[in-house]
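Residue numbers (the working numbering), protein chains in the order written: chain A, 1 to 564; chain B, 1001 to 1161.
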């Protein structure tokens, strides 16, 4: 067995069926061996999209996603995708080709020090110096990528290592004494949490992606039910609780739901689970929960106390900690104070539901998201790009299940939406997958229309066309005297013709009702399709301006109850 | 931001790239590392890295936690308060005349420094000690003309068990 075959064998042993990649000079040996193997390979049209697809695969399935690129430019093209996965704790493995060992350091053709380049954006990296090490390295990479706080791993494989014969196939895990994530929460701390909960009259829960990653959604729901605490989420926490639930308030933060932003500071106890308190979630720190006790549960000790001062830290896996907490809360009785708080918040949620009913032309994005919501089942997966499209989707779409809302949160990577949808669809072929994009971000990755066509991956790409780089345009309108510097995109391209040139069907949508109709038939047809939706370029979501506190939103927050 | 002096001792895997990762984490926070020394430890395959740095408390706590997350870092400890500290310094000093030679050798005796190399115009002197001692010695020699200084940077060890 040769090195490249050992990669394939090891991946198969780890349960991998599909990888996303793009060949090049230093991966020719691997691709030659792939030719005879049963491992599926999806040829993307740009390496960045291989990383995003692997990321989308990982987030939709909870399994490790794998992408592959050649040395030098192939590897550097993965960088944005790796950084995206790193910021959002997504377990991917990026395998790169490298120039032969004897040429490393010589500035050889297509040589880049990709291990050095990716050091700050990977959880760990490996460079096998001989083929015998490959099975152990791959197995260990899966272990490290998926456990603790997940993250990307890079494996850089010199060309001659891919070609060299193994003397034996030994895939024993590499000893890493420096890697011991804390899974089990300290019971003393958990008991203190119970005491704080007993004292609390106005508890609230803030759930982040950690709840989804650790499969702790039912434990979270149980905690919320037991102690009658409303649940807010971060952007990436969407799906940790069914957002149609009375107690689910929706997203907190810069573009959060009004009910969350207005009432978080009124709580007397905030139980934050699997969240890192990003600046986009908290607003200005000194006016975020100033008088509230904070319990912070997270698997990564480095996140605790990093941004928000915490009264009670609990380091551990969300599922583990929440189930221990639920156990010792068995005899908890909801007090009248808590009941009236919960009822008040439930009522406020209804009163402050954002307006989604419009019949305007050009279309309001709210209408589009509303119609998408009406068609999609709870099992459907929605991926978003970055910018206004993302915030509209996050704000107006009610995610009902974990791993069904996929978005680039931390890095905010434009161009993530469409390729991550490809990965999600490969992971969950039976669930409808819709990606919501802006016209700016979609054009960064539109070449992947070829990928969905060639492999018949029935992803539905919604392109919200407002001919602006909407988020920056919105900031310029609100904060920079309407000086729209470099945010007007002009009239090119025609997205329908663009899709058609790739052999992908496309529909232009301009009126209310058309999104719903086109989406329903797209799901039925089970074919890749682009829905080119023309929207109002002046529509903007209320926001926290930079430096503002969480309850200092600007802009007119329109309410559904005011619709006549 | 109040910067305080800290000595961090870490036990790390003896592998390429580890030094870069550790230094990178300090760099990201904008902390300038005063010195960093690395060498093999008492355990095979592991190195001990001693980092001295001026840092603010919260920032350093964050760097320490981030260091702990590195797969290659086994242990990490702030030993500022209770450590023996030493640095080694090599100095090449000019010897303008015989009187100077006698004086320099006398100073070397007082500081318990060693003379490693003698030529007609220069001496190479080795001195071990803490930062203050080395700085004091260097300032004495400045009068004669220092040609070169090479310092190892601080290494340190916690006192007691």
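For glycine and all other residues, C-beta sits at the position ideal for the given N, C-alpha and C.
Checklist entry - For the putative contact between residue 496 of chain A and residue 529 of chain A, defined by C-beta atoms under 8 Å, what is the C-beta separation to the nearest angstrom? => result The pair is not a contact, with the Cβ atoms about 11 Å apart (cut-off 8 Å).
Next on the checklist: Under DSSP, the beta strand (DSSP E) around residue 349 of chain A begins and ends at which residues?
Outcome noted: Premise fails: residue 349 of chain A lies in the alpha helix (DSSP H), 336–351, not in any beta strand (DSSP E).
Checklist entry - Does residue 1059 of chain B come within less than 8 Å of chain A when only Cβ atoms are used? => result Residue 1059 of chain B does not count as touching chain A.
Item to check | Contacts around residue 472 of chain A, its chain only, beta-carbon distance under 6 Å, and the 5 residues preceding and following it disregarded | outcome: Contacts found: 487.
Checklist entry - Between the Cα of residue 1078 of chain B and the Cα atoms of B:1152, B:1011 and B:1024, which residue gives the shortest distance? => result For the residues B:1152, B:1011 and B:1024, the minimum Cα distance to residue 1078 of chain B belongs to B:1011.
Next on the checklist: Using DSSP's beta-bridge definition, name the partner residues of residue 438 of chain A.
Outcome noted: Its beta-bridge partners are A:464.
Next on the checklist: I'd like to know whether the C-beta of residue 1030 of chain B is nearer than 8 Å to at least one C-beta of chain A.
Outcome noted: So no, residue 1030 of chain B is outside the interface.
Item to check | Span of the beta strand (DSSP E), counted from its first residue to its last, around residue 98 of chain A | outcome: Looking at the DSSP string, the run of the beta strand (DSSP E) that includes residue 98 of chain A is 92–98.
Checklist entry - To which residues does DSSP link residue 1073 of chain B through a beta bridge? => result In the DSSP output, where bridge partners are listed per residue, residue 1073 of chain B has B:1012.
Item to check | Where residue 413 of chain A falls, given that 16 or more other Cβ within 10 Å makes a residue buried | outcome: Around the beta carbon of residue 413 of chain A, 16 or more other beta carbons sit within 10 angstroms, so the residue counts as buried.
Item to check | Spatially closest choice to residue 539 of chain A from A:440, A:437, A:364 and A:443, by CA coordinates | outcome: That would be A:364, whose Cα lies nearest to the Cα of residue 539 of chain A.
Checklist entry - Below 8 Å, can you find three or more Cβ-Cβ pairs linking the stretch 86–94 of chain A to the stretch 43–57 of chain A? => result The answer is yes - the stretch 43–57 of chain A touches the stretch 86–94 of chain A, with three or more Cβ pairs under 8 Å.
Item to check | Cut-off 7 Å between Cβ atoms - residues of its own chain near residue 135 of chain A, not counting five sequence neighbours on either side | outcome: Only 6, 10, 169, 170 and 171 meet the Cβ criterion.
Item to check | Straight-line gap, residue 231 of chain A to residue 104 of chain A (C-alpha atoms, nearest Å) | outcome: For residue 231 of chain A and residue 104 of chain A, the distance between alpha carbons rounds to 52 Å.
Next on the checklist: Strictly below 9 Å CB to CB, what residues from chain A border residue 1039 of chain B?
Outcome noted: By Cβ distance, chain A contributes nothing, its closest Cβ being about 18 Å from residue 1039 of chain B, past 9 Å.
Checklist entry - Using a Cβ-Cβ distance under 8 Å, would residue 542 of chain A count as near chain B? => result No, residue 542 of chain A does not count as interfacial toward chain B.
Item to check | Cβ shell of residue 516 of chain A (< 7 Å), same chain only, five flanking positions each side left out | outcome: The answer, listed in chain order, is 371, 374 and 375.
Checklist entry - Looking only at C-alpha atoms, which of A:235, A:263 and A:316 sits nearest to residue 279 of chain A? => result Answer by Cα proximity: A:235.
Item to check | Residue range of the unbroken beta strand (DSSP E) whose run includes residue 275 of chain A | outcome: Looking at the DSSP string, residue 275 of chain A is not in any beta strand (DSSP E), and its letter there is neither H nor E.
Checklist entry - Just how far apart, CA to CA, sit residue 166 of chain A and residue 139 of chain A? => result The C-alpha of residue 139 of chain A is placed about 16 Å away from the C-alpha of residue 166 of chain A.
Next on the checklist: Only counting the same chain, and skipping five residues up and downstream in sequence, which positions put a Cβ closer than 7 Å to that of residue 33 of chain A?
Outcome noted: Within the same chain, residue 33 of chain A has close Cβ partners 2, 4, 5 and 8.
Checklist entry - If we call anything under 8 Å between Cβ atoms a contact, is residue 219 of chain A one with residue 173 of chain A? => result No, the pair does not count as a contact, with Cβ atoms beyond the cut-off.
Checklist entry - With 8 Å set as the bound, which would you pick, yes or no: does the beta-carbon of residue 1008 of chain B sit closer than that to a beta-carbon of chain A? => result Taking Cβ atoms only, chain A never reaches closer than 8 Å to residue 1008 of chain B, which makes this a no.
Next on the checklist: Just checking: is the beta-carbon of residue 282 of chain A within a distance shorter than 8 Å of some beta-carbon in chain B?
Outcome noted: Chain B contact via Cβ: absent.
Next on the checklist: If contacts are defined as beta-carbon pairs under 8 Å, then residue 435 of chain A and residue 417 of chain A qualify, I think. What distance do you get, rounded to the angstrom?
Outcome noted: A Cβ-Cβ separation of about 4 Å places residue 435 of chain A in contact with residue 417 of chain A under the 8 Å criterion.
Next on the checklist: Cβ closer than 8 Å: which chain B residues qualify as neighbours of residue 179 of chain A?
Outcome noted: Those are 1071, listed as they occur along chain B.
Next on the checklist: Distance check for residue 542 of chain A and residue 560 of chain A, CA to CA, integer angstroms please.
Outcome noted: Near 15 Å, if we compare the C-alpha coordinates of residue 542 of chain A and residue 560 of chain A.
Checklist entry - For residue 1005 of chain B, does the three-state DSSP call read helix, strand or coil? => result In the displayed model, residue 1005 of chain B falls within a strand according to three-state DSSP.
Checklist entry - Cβ of residue 306 of chain A less than 8 Å from any chain B Cβ? => result Judged by the 8 Å Cβ criterion, residue 306 of chain A is in contact with chain B.
Checklist entry - So, residue 157 of chain A versus residue 98 of chain A, is the Cβ gap smaller than 8 Å? => result Their beta carbons are under 8 Å apart, which means residue 157 of chain A touches residue 98 of chain A by this criterion.
Item to check | residue 240 of chain A in three-state terms, based on DSSP | outcome: If DSSP states are grouped into helix, strand and coil, residue 240 of chain A belongs with coil.
Checklist entry - For residue 558 of chain A, which residues of its own chain have a beta-carbon under 8 Å away from its beta-carbon, when the five flanking residues on both sides are left out? => result Result list for residue 558 of chain A: 354 and 355, in chain order.
Checklist entry - If the cut is a Cβ gap below 8 Å, which residues of chain A does residue 1024 of chain B touch? => result Within chain A, the residues near residue 1024 of chain B are 119 and 120.
Item to check | Residue environment, residue 1072 of chain B, which counts as buried when at least 16 other CB atoms sit within 10 Å | outcome: Flag for residue 1072 of chain B reads buried.
Item to check | For residue 197 of chain A, three-class secondary structure by DSSP | outcome: In the structure shown, residue 197 of chain A sits in a helix (DSSP, three-state: H, G or I).
Item to check | Whole-angstrom distance between residue 493 of chain A and residue 239 of chain A, CA atom to CA atom | outcome: Here the alpha carbons of residue 493 of chain A and residue 239 of chain A stand approximately 34 Å from one another.
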